[in-house]
Every structure is written in C-alpha cells, then in structure tokens.
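Have a look at the structure below before the remarks.
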C-alpha cells in the first residue's frame, strides 16, 4: 500500500483522456478541485469556498451558524432537501508533548495503520506545516500499535510551537487527485467530495422552470463526527420537508480482495440507491419510485445495502422520509480510495432528475 501511494505521488495529478466526453471532463474538473482542498470536520471553510466558486453564477448561497452552505430554489411549502457533506476525516492536535511530538484526536473513523510512516500536514494559521505520522518503533512485533502521533522534527514543545503548531489545529495526510486507467481515479476524501460534485453538476444543468416544488441543496458540515451540520439543518426545517436525499458514499465490496456477499455495487455501473444502511431504512415504495424516475430519464441506477450512516437520518425524527443516494466507492476512508467518473455523471443526472421530476 505505501509503495503504491509513493509511486502515485509522482504521476501528474490531472489527466484528461482523448476518449473523455465533455461530461466526464467537466466532472473531473469539478471533482479534482474539491478533492485537493483540505477540510477536516469542523474546519470546512476552504471547501465551502471552492463549492461557492464552482456553483453556477445564478446560485444564491447562504451560510448558517453551523457552517452549512444552502442554495434554495423556488418558494413554497414542502421542499425536497438534497444534502452532501463538505468535511473529510482527519485529526486534531490534542497535546503538544514535551518531546515536541503531537498527540492526536481523530475526527472521523480510521484505520490508523494506513497513516503510519506517511507525510503529515498540519493546517496552521500561518500556513501548512509539514510533518510525519510516526511509525511504530518496534516494527511488526507489537500486536497492539501505540496511539498515532505526529512529528514536525522538533525535539521540544517550545520548538514545535515556534513553528506555529498549536493545540486544536487539524492534521491530514497530503493528498492528490490521480487519474487511473479508463474513467477511474484515486485519491483521498472522495467521501464526500463526490457528493458535493454531484450537487454542483446537477445545479449547473438544472432547469429551474421544471421544478414542481421547492428544492433546498445543502452542503453540510461535521458529518464525519456525528452528522452535526445536517442535524442543525434538520432542526431548522423541522417537519416541513416532504423528503430528504443524502448524497454520500456507498461503501462497496467491489474489490478483488473482498467477498461479494454484502454491499456489492460495481464501480462504473452507475449511482446507487442506499436502500439500507446503519442509520436508516428507505421505505420500499420510495426505492421503487426512485427506480422509475431513473428509468424514465435513462439514468444508470443500482440498488444496495451497505454499512455507515447518512445525513438524512437526522431528518427522520421529524417525520421526514430519508431516501439516500450515492455512488460505489472502493477502500473508503483510506489514502487510496477509488471511484469511477461515470458514476459521478450518473449521480449528478439522478440528483437533477429527483429535483425536477419527483
């Protein structure tokens, strides 16, 4: 794994194939900018700024006290809510130790071993500060690895602080969007930059004259640490939405090393209706209705069940039906997630169809 990531880092981060359609090229242009922007849960402002820049010129945005970005279309009762989250997994500095190393608090779910012995990036007020995620010093002989720490090269607390390191700052691993063969790409934080990209692409193509009801697009904050931004939006909207669509990852077992007995949604086969996950169950009638909407528009759609939660589940206590949608993702929450750009185009078309036709 580490050898592969190191190799990919020398490949140009943005490539267009001669066979790319205009839709694939646009999808990649939007997605790559979102992926290469850092925004750990609670520090999403840089990603929010990129989203605002990529939206169509007619879109009027507002930011609430939770940091969520809203785009409201049409007026009236019973809006449809479509939400994707801005944040990514990462770390926050919990303590600067006497030896200058940094003790961390995770922001989201992790396989910590994937970050050992990798370059780190501390996001400071004066700019980014390079460091490393420390490898375990006893190699593979220790059954339980020690808590993950970061070093910036300093040997004292004062030395680290002199570089601008402070408790509360966020830390990530450096990342790049890298095009693979065909329409595949790899990188980190496709969860949920793919969802954000789908909303942006759908808004660019949306025919506002076709809307049969108000639609609210929300780019939410702090999903990875408890759906906090979506919960704030749900409280604000209360019982008024007719339904909510959370646009997020479908963690797929479509991998050469996994057993195909759960959560199988092949990459490149289109968007996915998340009929069941750990946080919500979509009523079967709504799944059937979504299938009809996709079929009428000629949009590729898969149906599956997977692990994880979604922002829409914060609306269900108010009686709002949650109909989450996503795309298949390999190797979720790792430094080498894999997606297919065809699925992004499919998902954007599905979001548009849901807004216009359903």
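Numbering (our numbering), first residue to last: 2 to 359.
Don't be surprised by glycine CBs; every beta carbon is placed ideally from N, CA and C.
Keep in mind that this is a model prediction, so the values were computed, not measured.
Around the C-beta of residue 173, 16 or more other C-beta atoms lie within 10 Å, and the residue is accordingly described as buried. Contact between the stretch 229-245 and the stretch 318-327 is present: 3 or more CB-CB pairs across the two stretches fall below 8 angstroms. Your pair residue 329 and residue 276 does not check out as a contact, with CB atoms roughly 14 angstroms apart and the cut at 8 angstroms. Nearest to residue 98 by C-alpha distance, out of 38, 166, 203, 289, is 166. Looking at 226, 46, 205, the one whose alpha-carbon comes closest to that of residue 111 is 226. Between residue 78 and residue 212 the beta-carbon gap is near 14 angstroms, outside 8 angstroms, which marks them as no contact.
For residue 84, the enclosing beta strand (DSSP E) has its first and last residue at 81-86. Around the beta-carbon of residue 57, fewer than 16 other beta-carbon atoms lie within 10 Å, marking it exposed. Just so you know, the alpha carbons of residue 38 and residue 48 end up roughly 6 angstroms apart. Per the coordinates, the alpha-carbon of residue 337 lies some 6 angstroms from the alpha-carbon of residue 187. Between residue 149 and residue 116, the gap from beta carbon to beta carbon is short of 9 angstroms. For secondary structure counted as the alpha helix (DSSP H) over 4 or more consecutive residues, the stretch 249-327 holds these complete runs in sequence order: 285-298.
Taken atom to atom, the span from the alpha-carbon of residue 91 to that of residue 42 is near 7 angstroms. Considering only 125, 121, 297, 126, the residue with the shortest C-alpha distance to residue 132 is 121. In the displayed model, residue 217 falls within a strand according to three-state DSSP. One thing to note: residue 27 has its Cβ no nearer than 9 angstroms to the Cβ of residue 207.
Closest option to residue 221, judged by alpha-carbon separation, among 80, 22, 50: 50. Following the DSSP letters along the chain, one finds residue 55 inside the alpha helix (DSSP H) bounded by residues 46-55. Across the structure, residue 199 and residue 305 are spaced so that their CA atoms are roughly 19 angstroms apart.
The secondary-structure analysis by DSSP pairs residue 339 across a beta bridge with 187, 331.
Taking a C-beta distance under 9 angstroms as the contact criterion, residue 251 and residue 313 do not qualify as a contact pair. In the DSSP assignment, residue 36 falls within the unbroken alpha helix (DSSP H) covering 23-36. In the three-state scheme derived from DSSP, where H, G and I count as helix and E and B as strand, residue 89 is classed as strand. Buried is the label assigned to residue 34, since at least 16 other Cβ atoms lie within 10 Å of its Cβ. DSSP, read as helix, strand or coil, puts residue 352 in helix.
For the set 256, 61, 359, 281, the Cα lying nearest the Cα of residue 291 is the one of 359.
Scanning its chain for C-beta atoms nearer than 8 angstroms, with the 5 sequence neighbours on each side dropped, one finds around residue 53 the residues 62, 70, in chain order. Boundaries of the alpha helix (DSSP H) around residue 163: 158-163.
In this structure, the straight-line span from the alpha carbon of residue 182 to that of residue 341 is close to 10 angstroms. For residue 346 and residue 102, the gap between their C-alpha atoms comes out near 43 angstroms. In the DSSP assignment, residue 125 forms a beta bridge with 128.
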